[in-house]
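Sequence order for the protein chains is A and B.
Counted from 1, the first sequence has number 138 at position 138 by the numbering used here; the numbering is strictly sequential.
Counted from 1, the second sequence has number 1061 at position 61 by the numbering used here; the numbering is strictly sequential.
All C-beta atoms in this analysis are idealised placements derived from N, C-alpha and C, irrespective of residue type, glycine included.
Below: one structure, written as structure tokens.
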Amino acid sequence: MDDLLFGLAFNALTLFCGLFVVLLSGLLGNPQGQVFAQRGKAEQRAYTLLKRWLLPDQIAQLERHGYFEVRGLHSGKRYRIRSNRNMNIEEIDDNGSRVAVWCFGPVGCLPLGDHMLAQKIALETDEQAALAVANRSWPELRRGRYLQSNARVSSDVAPAITGQL
Amino acid sequence: MAVQIVMDTTGDSRHEFNAADAVEVGKAAQRFKQLTEAGFTAAVRTGNGRSKIIHNFDADAEETVFFPRLQGG
Chain A
1 MDDLLFGLAF
11 NALTLFCGLF
21 VVLLSGLLGN
31 PQGQVFAQRG
41 KAEQRAYTLL
51 KRWLLPDQIA
61 QLERHGYFEV
71 RGLHSGKRYR
81 IRSNRNMNIE
91 EIDDNGSRVA
101 VWCFGPVGCL
111 PLGDHMLAQK
121 IALETDEQAA
131 LAVANRSWPE
141 LRRGRYLQSN
151 ARVSSDVAPA
161 ITGQL
Chain B
1001 MAVQIVMDTT
1011 GDSRHEFNAA
1021 DAVEVGKAAQ
1031 RFKQLTEAGF
1041 TAAVRTGNGR
1051 SKIIHNFDAD
1061 AEETVFFPRL
1071 QGG
């Protein structure tokens, strides 16, 4: 009997708390909704800025495929910057194959468009400095689940590991 | 009007200034100094769709973007 009463009281209390949160949220102008709306505006502003800094063919790539390509300043390598926040930079060889995946970005929780624009500028203006702080993984190794995506491996070790898989 | 665009969580903060107004240029130069000293990188667009890092304030730059320092992801 005591258990039944306790259960009823607990359910009533839970229901009351839920209603209280809903009412409070409504009274305060739905702050969660405001946060999402503000975040949406920030993402839109950042995406607009990104597109202003892209060439027309890069914008077309982005809208069609969800990525755009840039050339590294020092190596001349092709990098594909995808519309993701993590491990979104692919190094592409002359055959169009992905040979490495890089991850770096600006500090702080910036909108995705700003994140991608900072990556583009960094690769085009100071590729070596950008890659010096970046984490790298090799697609083959990731498929083989040999390395964590953020593991650091020197470039001369990686081919040897790849060969073992 | 020239503009300094600072990337932040709101998308960006924009600071416009008149390049012909010495007072406004002074404020813009001060902002440039503060941001770059705080670790921001300043970049301007070049004509061919590429970008260029600048280490000194350029009053003639039509649009300067500042982004926070980079870190590995």
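- Nearest to B/G1073 by C-alpha distance, out of A/C109, A/C103, A/F36 and A/L62, is A/C103.
- Rounded to the nearest angstrom, the gap between the Cα atoms of A/A132 and A/F68 is 22 Å.
- DSSP places B/V1003 outside any alpha helix (DSSP H); the residue lies instead in the beta strand (DSSP E), whose first and last residues are A1002 to D1008.
- For A/K120, the closest alpha carbon among the candidates A/L55, A/Q44, A/R64 and A/D94 is that of A/L55.
- Counting only the Cα atoms, A/E43 lies some 30 Å from A/V99.
- Within the segment 78-111 of chain A, contact with chain B at the beta-carbon level (separation under 8 Å) is assigned to R85, N86, M87, C103, F104, G105, P106, V107, G108, C109, L110 and P111.
- For A/L50, no Cβ of chain B is located within less than 7 Å of the residue's own Cβ.
- Residue pairing for A/W102: DSSP places it in a beta bridge opposite A/I89 and A/R136.
- The shortest C-alpha to C-alpha distance from A/W138 to any of A/A130, A/V101 and A/P111 is the one to A/V101.
- At a cut-off of 7 Å between C-beta atoms, B/A1043 counts as an interface residue with respect to chain A.
- Residue environment: A/H65 is assigned as exposed (fewer than 16 neighbouring CB atoms within 10 Å of its CB, all protein chains considered).
- Taking the beta carbon of B/F1032 as reference, no residue of chain A falls within 9 Å; the closest one sits roughly 16 Å away.
- A/E124 belongs to the set of residues whose beta carbon lies under 7 Å from a beta carbon in chain B.
- Membership of B/K1052 in the beta strand (DSSP E) is indicated by the continuous run S1051 to I1054.
- Secondary structure within the segment 1017-1050 of chain B: the beta strand (DSSP E) runs of 3 or more consecutive residues, fully enclosed, are 1041-1045 (chain order).
- Residues of the segment 1046-1065 of chain B that bring their beta carbon within less than 9 Å of a beta carbon in chain A comprise N1048, G1049, R1050, S1051, K1052, I1053, E1063 and V1065, in sequence order.
- Per the DSSP secondary-structure output, B/S1013 pairs in a beta bridge with B/V1006.
- For A/R39, the secondary structure class from DSSP, reduced to helix, strand or coil, is helix.
- Excluding sequence positions up to five before and after A/Q61, its CB lies within less than 8 Å of the CB of Y67, F68 and E69, all in the same chain and listed in chain order.
- Look at A/R82 here: in three-state DSSP terms it is strand.
- Sequence-ordered contacts of the segment 55-74 of chain A with chain B read L55 [C-beta pairs closer than 7 Å].
- Contact between B/A1019 and B/D1060 is confirmed by a C-beta separation of about 6 Å, below the 8 Å threshold.
- Minimum Cα-Cα distance from B/A1028 among the listed residues B/F1066, B/L1070 and B/T1010 corresponds to B/F1066.
- Chain-order list of chain A residues neighbouring B/T1009: A42, G108, C109, L110 and P111, by C-beta distance under 8 Å.
- Separation of the CB atoms of A/Y79 and A/E90 is rounded to 7 Å, and the pair is thereby assigned contact status at 8 Å.
- For B/R1014, the nearest beta carbon of chain A is not closer than 7 Å to its own beta carbon.
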